[in-house]
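K.L.:
First the structure, which I've put down as structure tokens, then a few questions once you've had a look.
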Amino acid sequence: MTYFGFVISREDEADFPHFLNVTEARAYFQKRYGDSYNLGSRERQFDGYWGGYIYFDDVDGQPVQIGEDGSVHVVY
């Protein structure tokens, strides 16, 4: 079910497991969303909030930002 045209709803995001790092989070998204999940670029974050780098991926065009520390933010 899509939410305002997006694949991932706020409820889905609330139910994501706690990820320990970016590798674990990306593996989860790859398994759950399959070919709809696309790896993106990474960018250095100087405030250290996301663990140094943030990865800009997407699920069927919906932006998913993942920090090196496993923090996930889905854009709506």
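Taking this note's numbering, the leading residue of the sequence shown gets 1398, the next gets one more, and so forth. All C-beta atoms, glycine included, are put in the ideal place defined by N, C-alpha and C. It should be emphasised that the depicted structure is a prediction, and the values quoted were computed from it without experimental measurement.
Can you list, in chain order, the residues of its chain with a C-beta nearer than 8 Å to that of Gly1437? Leave out the 5 residues immediately preceding and following it.
P.N.:
Correct list, in chain order: Tyr1452, Phe1453, Asp1454 and Asp1455.
K.L.:
Tell me, which residues are paired with Phe1453 by DSSP?
P.N.:
DSSP output for Phe1453 lists Ser1438 and Gln1462 as bridge partner(s).
K.L.:
Buried or exposed: which applies to Phe1443, given that a residue is buried once 16 or more other Cβ atoms fall within 10 Å of its Cβ?
P.N.:
Exposed, because fewer than 16 other Cβ atoms sit within 10 Å of the Cβ of Phe1443.
K.L.:
DSSP three-state label for Val1419, please.
P.N.:
Val1419 falls in the helix class under three-state DSSP.
K.L.:
Should Phe1403 and Tyr1473 be called a contact, given that it needs their Cβ atoms to be closer than 8 Å?
P.N.:
It is a contact, given that the beta carbons lie within the stated cut-off.
K.L.:
On the DSSP letters alone, give me the boundaries of the beta strand (DSSP E) that Val1469 sits inside.
P.N.:
Per DSSP, Val1469 belongs to the beta strand (DSSP E) from Val1469 to Val1471.
K.L.:
DSSP three-state label for Phe1443, please.
P.N.:
Three-state DSSP puts Phe1443 in coil, outside helix and strand.
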